[in-house]
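Heads up: the structure comes next, in structure tokens.
Chains as they are written, first to last, in my numbering: chain A, 1 to 50; chain B, 51 to 312.
As structure tokens, then:
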């Protein structure tokens, strides 16, 4: 083609792809930060306390 | 938290978007013939007008959501988050409208940029919604931010019909509408028209997928903020010599009449 057409398609696909990756990364990070931390229960492991 | 059904729907929209865009690119770059007048440059037409259409759609959704927030009967912070999400995606598409238009303009008009009515009003639209996004970053409580953003979003939307009609109202260098012209008779046909219409559909799906994701991020950010605030309040309550009643009375004063649930 003529270089301009390729540049146009590259700009569109690159920008939309980049923004999509940003969205996916950000949502994964946020989901992880909201996950409840599993607390270790010492009482269960050491058996019933007297 | 969002339901499994919503997650599945979003995944399906995502997969469909990728497939449709791939078909549009294949048709646009390799299947359709070059134009008699424009030659190979016509291939940019399969992406440039769809970018502009999605920008219009995004700002339309922002305006609708803003109205729904401002109207007391439907007021809910969800509308504000939707307005913001749609505006951000709209700014991406407006930027791409300007970039693809500029790339087309260089070989067709001999310049990267000219102060033509269509180009100028589109650049103004881009700046207006960048301003909208900047306004949202000014610290404020959620209700105050939502109200002023909704008003700003509605004011900015006035430019959308001006952009669309600019080629009709003024003698511009930019060509008139190919498909959505006043007589609604497309000026191209055959496989070129099909590819252009497919471009409109595929990038609309991309927009829907992006807004779904951006909305989820906005809602999660709000939850993180609420959790952090709750933690800070709890820490303050646990400070020795500070009664919990005092904190509660301050909370009540700060949250009076403000919806914060997302």
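Note that the Cβ used here is the ideal one computed from N, Cα and C, for glycine as well.
- [ ] Using a threshold of 8 Å, state whether the C-beta atoms of residue 203 of chain B and residue 277 of chain B are closer than that.
- [x] Residue 277 of chain B is positioned such that its CB atom lies no closer than 8 Å to that of residue 203 of chain B.
Open item on the list: According to DSSP, is residue 85 of chain B part of a helix, a strand, or is it coil?
Closed with: Here residue 85 of chain B sits in strand by DSSP.
TODO: Select from B/282, B/169, B/88, B/231 the residue whose C-alpha is nearest the C-alpha of residue 209 of chain B.
DONE: The option with the nearest alpha carbon to residue 209 of chain B is B/169.
TODO: State yes or no: is the beta carbon of residue 76 of chain B nearer than 8 Å to at least one beta carbon in chain A?
DONE: So, not an interface residue.
TODO: Please go through the same chain and pick out, in chain order, the residues whose beta-carbon is closer than 8 Å to the beta-carbon of residue 63 of chain B, but skip the five residues on each side of it.
DONE: Answer for residue 63 of chain B: 255, 258, 259, 262, listed in chain order.
Task: Runs of alpha helix (DSSP H) lying entirely within the segment 146-224 of chain B, each at least 4 residues, in chain order - done: Listed in chain order, the complete alpha helix (DSSP H) runs (minimum 4 residues) inside the segment 146-224 of chain B are 167-186, 192-207, 209-219.
- [ ] Could you spell out where the alpha helix (DSSP H) holding residue 231 of chain B opens and where it closes?
- [x] No alpha helix (DSSP H) contains residue 231 of chain B, which DSSP labels as neither H nor E.
- [ ] Taking only beta-carbon positions, decide if residue 28 of chain A is within less than 8 Å of chain B.
- [x] False, the Cβ-Cβ gap to chain B never drops below 8 Å.
Open item on the list: Going by DSSP in three states, residue 241 of chain B sits in which element: helix, strand or coil?
Closed with: In this structure, residue 241 of chain B counts as helix in the three-state DSSP scheme.
Task: Short CB-CB distance (under 8 Å) between residue 311 of chain B and chain A - done: At residue 311 of chain B the pLDDT is 45, less than 50, meaning the model places this residue with poor confidence and gives no usable figure here.
- [ ] For residue 242 of chain B, I'd like the list of residues in its chain whose CB is within less than 7 Å of its CB, leaving aside the five on either flank, ordered along the chain.
- [x] Excluding residues within five positions, the ones whose Cβ falls inside 7 Å are 82.
Open item on the list: Does chain B have any CB closer than 8 Å to the CB of residue 25 of chain A?
Closed with: Taking 8 Å as the CB threshold, residue 25 of chain A stays off the interface with chain B.
Task: Where the alpha helix (DSSP H) through residue 58 of chain B begins and ends - done: Per DSSP, residue 58 of chain B belongs to the alpha helix (DSSP H) from 54-76.
Open item on the list: Please classify residue 121 of chain B as buried or exposed, where buried requires at least 16 neighbouring CB atoms within 10 angstroms.
Closed with: Residue burial annotation: residue 121 of chain B is exposed, with fewer than 16 other C-beta atoms found within 10 angstroms of its C-beta.
Open item on the list: Please report the straight-line C-alpha distance between residue 135 of chain B and residue 115 of chain B, rounded to a whole angstrom.
Closed with: Residue 135 of chain B and residue 115 of chain B: Cα-Cα distance of roughly 10 Å.
Task: Start-end ranges of the alpha helix (DSSP H) lying completely within the segment 83-130 of chain B, minimum 4 residues - done: Whole alpha helix (DSSP H) segments, 4+ residues: 98-120.
Task: Residue closest to residue 200 of chain B, alpha-carbon to alpha-carbon, out of B/72, B/84, B/181, B/53 - done: Of the listed residues, the one whose Cα sits closest to residue 200 of chain B is B/181.
TODO: Measure the CB-CB distance between residue 207 of chain B and residue 109 of chain B and report whether it falls below 8 Å.
DONE: Cβ distance < 8 Å, so residue 207 of chain B and residue 109 of chain B count as in contact.
Open item on the list: Output needed for residue 236 of chain B: all residues of its chain with C-beta closer than 6 Å, excluding positions within five of it in sequence on either side, in chain order.
Closed with: Take residue 236 of chain B, set aside five residues on each side of it, and the residues of its chain with a beta-carbon closer than 6 Å to its own are 229, 243, in chain order.
Task: Amino acids of chain B, ordered along the chain, whose beta-carbon sits closer than 8 Å to that of residue 11 of chain A - done: For residue 11 of chain A, the chain B residues whose Cβ falls inside 8 Å of its Cβ are 146, 149, 150, 153, in order along the chain.
Task: Cross-chain neighbours of residue 97 of chain B in chain A, by beta carbon under 7 Å - done: The answer, in chain order, is 8, 9, 12.
Task: CA-to-CA distance, residue 92 of chain B to residue 84 of chain B, given in whole angstroms - done: In this structure, the alpha-carbon of residue 84 of chain B lies about 7 Å from that of residue 92 of chain B.
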